[in-house]
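Each residue of the sequence shown is one higher than the last, beginning at -5 in my numbering. The beta-carbon is built from N, C-alpha and C at its ideal position, and this holds for glycine as well.
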Amino acid sequence: MNKFFYISLLLGLITYLIVLAYIYLFQRNLLYHPSVNGYQGDKINFDYEEVFIKNNEGIKLKAWFHKKDLINKKTILFFHGNAGDLSNRNYKLNELSKLDLNFLIFAYRGFSSNQGKPSEQGLYEDARSVFDWLKAKGVKEKNLILYGESLGTAIAVETGQNKNLAGIILESPFTSMVELAQKYYPFLPVKFLLKDKYETIKKLPNINSPLLVLHGKLDTIVPFAMGEELFEQANEPKFKYFIENDDHMMRYDQNLLGEIKKFIFLSYEKN
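Here's what the structure looks like:
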């Protein structure tokens, strides 16, 4: 009996170590999904210019630029989530194009046929390159709104630290990738395994621009409690739109769009 117990224990330990090794080596394959096309189908109903913006490594990042007036109107810089290409966001961009503003959405390295492989620091560098490109085009920080979707919320917060922006919008945000991954893998020492930690909650004290948090209470990917915690910890001025019957990819209905419009209007008053 003792011999069988120790053999079983040893086999269990070996299996656990194999799982640890697999998770560590292939974690970025589990986190980033450029080829996923889960919510496609909407046609583009807005005018845009396709541009390619060089990042710090010289990789050309594909971007769509919808321009109305870069000097007098607000500009949204959109950071997409961890899956799919730019066209997966057509349904959101179609609605944003109806607002009286400019917007630019770009694909990270490794997404939408861009070269390179995604990583936390790499995506931060991509964001900085695009942010600087917009400023070089004449977009002032006080007229710029950062919009993050899911994983993009961490990139928006990283980019928006210590800046005087018109605003930051976070859709379905998480506190940190460490806390989120621990919920999915409670049996693993995620804190020590994870390469890309995206610790948004620690950066919130550095956000002094107006903040709008959007989150559905039925979110099956990021716990709604994380959106609540981020809102509670955020500096003023801050606003929220928490909806009872919405999931992770929020519906762009008139109520949500109304909140975004209101937030943009307040950003004009701020200036």
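Query                                                                                                                                                                                        : Result
Taking the CB atoms as reference points, tell me whether G142 and F73 lie closer together than 9 Å.                                                                                          : yes
Determine which residues share a DSSP beta bridge with T153 and list them.                                                                                                                   : Answer by DSSP bridge pairing: none, since T153 is not bridged.
Counting along the chain, where does the alpha helix (DSSP H) carrying Y118 start and finish?                                                                                                : E114 to A130
Is DSSP giving Y235 helix, strand or coil here?                                                                                                                                              : strand
Going along the chain, which residues of its own chain have a beta-carbon closer than 6 Å to the beta-carbon of Y18, five neighbours each way excluded?                                      : L187
For the candidate residues F100, S106 and K134, whose alpha-carbon lies nearest to that of E119?                                                                                             : F100
Out of G6, L14 and L3, point me to the one whose CA is closest to Y179's CA.                                                                                                                 : L14
Evaluate S276 with the Cβ neighbour count: other Cβ atoms within 10 Å of its Cβ, from every protein chain shown; 16 or more gives buried, anything less gives exposed.                       : There is no way to answer for residue 276, as the model of the chain reaches only from -5 to 265.
In this structure, how does DSSP classify E51 when only helix, strand and coil are distinguished?                                                                                            : coil
Assign N249 to one of two classes, buried (16 or more other C-beta atoms within 10 Å of its C-beta) or exposed (fewer than that).                                                            : exposed
What is the DSSP secondary structure of N96, counted as helix, strand or coil?                                                                                                               : strand
How is T214 classed by DSSP in three states: helix, strand or coil?                                                                                                                          : coil
Just the C-alpha distance for R122 and Q155, rounded to the nearest angstrom, thanks.                                                                                                        : 12 Å
Please state the DSSP three-state secondary structure of E222.                                                                                                                               : helix
Going by DSSP, what residues sit across from E135 in a beta bridge?                                                                                                                          : DSSP lists no partner for E135.
Rounding to the nearest angstrom, what Cα-Cα distance links A234 and N23 in this structure?                                                                                                  : According to the sequence displayed, residue 234 carries Lys and not Ala. Cα to Cα, the separation comes out at about 32 Å.
In this structure, how does DSSP classify L164 when only helix, strand and coil are distinguished?                                                                                           : strand
Taking the alpha carbon of A160 as the reference point, which residue from S113, A150, P217 and F168 has its own alpha carbon closest?                                                       : A150
Within 10 angstroms of the Cβ of P183, are there 16 or more other Cβ atoms? Answer buried if so, exposed if not.                                                                             : exposed
Going straight from the alpha carbon of P204 to that of E44, what length do you get?                                                                                                         : 29 Å
For V207 and K232, what's the separation of their Cα atoms in angstroms?                                                                                                                     : 8 Å
Can you confirm whether the stretch 218 to 230 touches the stretch 159 to 175 when touching is taken to mean that 3 or more C-beta pairs between the two stretches lie within less than 8 Å? : yes
When we look at the beta-carbon of P199 and count the other beta-carbons within 10 Å, is it buried (16 or more) or exposed?                                                                  : exposed
Classify Y246 as helix, strand or coil using the three-state DSSP reduction.                                                                                                                 : coil
Going by DSSP in three states, F(-1) sits in which element: helix, strand or coil?                                                                                                           : helix
If I'm right that N76 touches S144 with Cβ under 8 Å, what's the distance once you round it to whole angstroms?                                                                              : 6 Å
Hey, how far is the Cα of K177 from the Cα of E152?                                                                                                                                          : 23 Å
Could I get the ranges of all uninterrupted beta strand (DSSP E) runs contained in the stretch 37 to 81, with 3 residues as the minimum, in chain order?                                     : 43 to 48, 54 to 60 and 69 to 73
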